[in-house]
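Heads up: the structure comes next, in structure tokens.
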């Protein structure tokens with residue numbers, strides 16, 4: 506029995522990280538079903554600040570399939586732009602431009618957590634953005650009460666490599682994640 510356990514552990518440890526950790530490859534402009542309030546999303550990038558690249562994610566309140574008007578289903582979008590000296594965060598309809606200079610690793614895991622009242626972004630477990638929807642009437646109208654059911658990585662996105670479900674504890678405002 507011990508030998509079987511050892512073989513199982515050896516197999517698990519030598520498997521590919523992506524298959525074991527549930528990472529999905531990013532496909533641009535392809536909508537995928539995602540309940541963001543129930544499942545925070547983690548996005549893996551390998552972008553350093555000097556790359557001049559960006560994460561660009563759209564959020565939809567229903568299935569933006571061809572039989573519906575895509576613009577009627579769109580809640581908004583989020584961008585994180587990497588430049589030579591800082592990261593700039595923009596969330597549509599919230600009139601929020603945030604700039605931060607955090608130390609990026611070779612591989613970074615960005616976690617997006619949305620509740621009915623706010624949106625939080627973490628980079629490698631460190632909180633970098635906290636947006637309260639009620640701070641702006643336009644932001645509140647767009648994001649509060651609109652449950653994200655579908656998402657899409659925009660054609661503009663040249664930083665996101667893969668994504669997976671994040672682990673979020675509702676008893677506290679932080680994110681738990683597994684190592685890269």
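In the numbering used here, the protein residues as written are 506 to 685. Yeah, the Cβ is synthetic: ideal placement off N, Cα and C, and Gly gets one too. Since the model is a prediction, treat every value here as computed from it, not as a measurement.
Residue 628 is bridged by DSSP to 615, 631. The DSSP-derived three-state label of residue 543 is coil. A direct Cα-Cα distance of roughly 14 Å separates residue 611 from residue 548. Residue 619 is classed as buried because its beta carbon has at least 16 other beta carbons within 10 Å across all chains shown. For the pair residue 587 and residue 559, the CB atoms are nearer than the 9 Å cut-off. Of all alpha-carbon atoms in 527, 550, 539, 562, the one lying nearest the alpha-carbon of residue 533 is that of 562.
Nearest to residue 614 by C-alpha distance, out of 667, 530, 648, 657, is 667. Counting along the chain, residue 645 sits inside no beta strand (DSSP E); it lies in the alpha helix (DSSP H) bounded by residues 642–648. Nearest to residue 536 by alpha-carbon distance, out of 623, 670, 585, 578, is 578. In this structure, the alpha-carbon of residue 629 lies about 8 Å from that of residue 616. Beta-carbon to beta-carbon, residue 644 and residue 638 are separated by about 5 Å, close enough to satisfy the 8 Å threshold. The straight-line gap separating the alpha-carbon atoms of residue 652 and residue 552 is approximately 29 Å.
Partner residues in a beta bridge of residue 551, as assigned by DSSP, do not exist.
Judged by DSSP secondary structure, residue 671 falls outside any beta strand (DSSP E); it is assigned neither H nor E.
Counting the other CB atoms within 10 Å of its CB gives residue 608 a total below 16, which places it among the exposed residues.
Around the beta carbon of residue 650, a 10 Å sphere encloses fewer than 16 other beta carbons of the protein chains shown; the residue is thus reported as exposed.
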